[in-house]
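Working notes, beginning with the structure itself.
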Amino acid sequence: MSSEQQQASTDADASLKLAIAMALLRSKLVQKVPLNHPPSPSATSESNAKKWKRKAKERKRELLRLKEDLKQAEDNSLCDLFPQSASCKCYFFDNLGKLSPILLGNDSDKRFNDVLRRRFLRQVRLSERRRKRDGSTKTWVFSDCNSEDETEQLRASVDFLVELCDNVSPVNVEETNFLNWSHQAVDFILAVLKDILPTAKNIELLEGIVCSLIVRLVRRMCITSKGDELHQFNTDAQFHVQHLIRKLGSESYVGQRVILSVSQRIAVLAESLLFKDPIDDAFLNMHDCLYMMIQLIEFLVSDYLLTWSRSERFDTRLFEEWATSVLHARKALQVLESRNGLYMLYMDRVIGDLAKQAGQVSSLQKINPDIIANLLR
């Protein structure tokens with residue numbers, strides 16, 4: 001074969017290979033063309049919807065994670081303030097619902113100090129932040145822990161204690177949080193009152209705060225009315241709230257006003273019982289309420305009357321007012337004697353103890369003699 005023939009054969013083979021290669025390349029390009037076409041509008045819309053759903057789920061998971069982190073941070077701060085496992089070791093709730101003489105502490109046995117004060121105020125601030133986050137409003141704003149406005153701190157601690165009692169239930173009444181913080185609230189209120197009573201500038205504002213505290217706690221201790229229905233508070237919770245009022249009553253400014261408010265409430269409730277059916281549940285609830293209030297008066301008189309009388313802040317005019325109110329409450333209960341003689345027996349015991357205690361106080365010998373005569377009758 002000549003060289004020209006070999007050259008022609010080589011060129012033909014090269015052309016054939018090039019043609020095959022181009023055919024293969026064209027075939028591949030033809031197969032890829034549908035993939036490179038722009039997607040239809042419906043496909044684009046579906047893709048965007050999936051993308052935003054995925055982003056929404058991610059954002060929701062992120063928000064839940066942040067909420068958990070915030071809750072954990074708050075729980076940790078509470079543990080720093082007062083460990084969850086810690087229990088009150090000061091016997092604050094001893095003699096719950098029992099009549100017993102109180103043991104007065106001395107300067108070396110004070111339950112309230114600067115550390116507990118700072119812890120309690122910090123807890124009140126946390127409670128206020130939580131209340132604001134929940135969207136509730138208040139007519140006042142609690143200031144910083146270092147604030148010197150003790151009246152504002154008193155108002156904050158009163159609201160804090162009432163909120164604790166509002167939320168107490170048969171399930172959580174024995175929980176450490178309620179026992180610890182209610183104790184700290186009572187101690188704080190008594191400490192603030194001790195500081196501001198001697199130099200109180202706005203005594204009407206102070207009396208309004210104290211009277212509001214008394215009315216709200218007595219309402220929680222007893223029963224609340226909504227429309228025509230009466231709802232009974234849990235018995236264990238009732239005794240705990242009664243004990244808190246009893247402890248607050250160690251300050252004569254509070255205790256005497258408690259007796260005045262409770263005795264007036266007894267008289268009103270006694271009149272209401274005249275129109276109630278004895279087999280009605282509401283009658284039974286009101287009966288329990290009467291018992292709790294009479295018992296509270298007995299506790300306050302037995303525990304504190306002699307101590308109050310030694311205080312420079314003891315108000316003999318207020319004593320005359322609430323002693324008269326107690327006698328009026330006894331008279332109101334007298335009309336119920338045919339239904340239940342226990343009311344009169346209990347009130348006679350309370351008034352007998354009151355007369356005995358008053359006879360030991362020299363400053364009370366100068367009050368209206370008619371009151372003393374009625375107490376001794």
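Numbering-wise, UniProt numbering puts 64 at position 64 of the sequence shown, and it's gapless, one number per residue.
Where is the CB? At the ideal position from N, CA and C, for every residue including glycine.
- Distance between N177 and K247, taken at the CA atoms: about 18 angstroms.
- Bounds of the alpha helix (DSSP H) holding N285 are D281 to S309.
- Per the coordinates, the alpha-carbon of C211 lies some 15 angstroms from the alpha-carbon of V186.
- For E204, the secondary structure class from DSSP, reduced to helix, strand or coil, is helix.
- Contact between the stretch 248-267 and the stretch 316-329 is present, with at least three C-beta pairs closer than 8 angstroms.
- In this structure the stretch 179-199 lies against the stretch 148-166, because at least three pairs of beta carbons, one per stretch, are closer than 8 angstroms.
- Nearest to T307 by alpha-carbon distance, out of I372, I297, G255 and N340, is G255.
- L197 sits in coil when the DSSP states are folded into three classes, being neither helix nor strand.
- When C-alpha distances from E204 are compared across D159, V162, R216 and Y253, the shortest belongs to Y253.
- For the 7 angstroms CB-CB criterion, A373 and A332 do not form a contact.
- The beta-carbon separation of R330 and I351, rounded to 6 angstroms, stays under the 8 angstroms limit for a contact.
- When DSSP states are grouped into helix, strand and coil, L364 belongs to the helix group.
- Here R220 is buried, its C-beta having at least 16 other C-beta atoms within 10 Å.
- A distance below 7 angstroms separates the beta carbons of R216 and V162.
- Cβ neighbours of L318 within its own chain (closer than 8 angstroms, five residues either side excluded): Q256, R257 and L260.
- In this structure, L336 keeps its C-beta atom at 7 angstroms or more from the C-beta atom of Y346.
- Its Cα nearest to that of I371, the residue V326 stands out among V326, R349, Q334 and Q360.
- Put simply, of A358, D288, W181 and K67 the residue whose alpha carbon is nearest the alpha carbon of D303 is A358.
- Between Q295 and the set C222, L179, V168 and L18, the nearest pair of CA atoms involves C222.
- L164 sits close to S182, with the two beta carbons spaced by under 7 angstroms.
- Sequence-distant Cβ neighbours of L206 in its own chain, meaning closer than 6 angstroms and more than five residues away, are A200.
- Boundaries for K276: no alpha helix (DSSP H) harbours it, and the DSSP string shows neither H nor E there.
- Spanning the alpha carbons of L70 and R61 requires a straight line of approximately 14 angstroms.
- Residue environment analysis places F299 among the buried positions, since at least 16 neighbouring C-beta atoms fall within 10 angstroms of its C-beta.
- In terms of CA proximity to E312, S363 leads the group L274, S363 and L290.
- Taking a C-beta distance under 7 angstroms as the contact criterion, V158 and L213 qualify as a contact pair.
- Taking 7 angstroms as the cut-off, the Cβ atoms of M286 and L274 do not count as close.
- According to the DSSP assignment, N374 belongs to the alpha helix (DSSP H) that extends over P369 to L376.
- Here DSSP, grouped into helix, strand and coil, assigns C211 to helix.
- The straight-line gap separating the alpha-carbon atoms of A156 and D166 is approximately 15 angstroms.
- In this structure, the beta-carbon distance from L290 to L269 falls below 7 angstroms.
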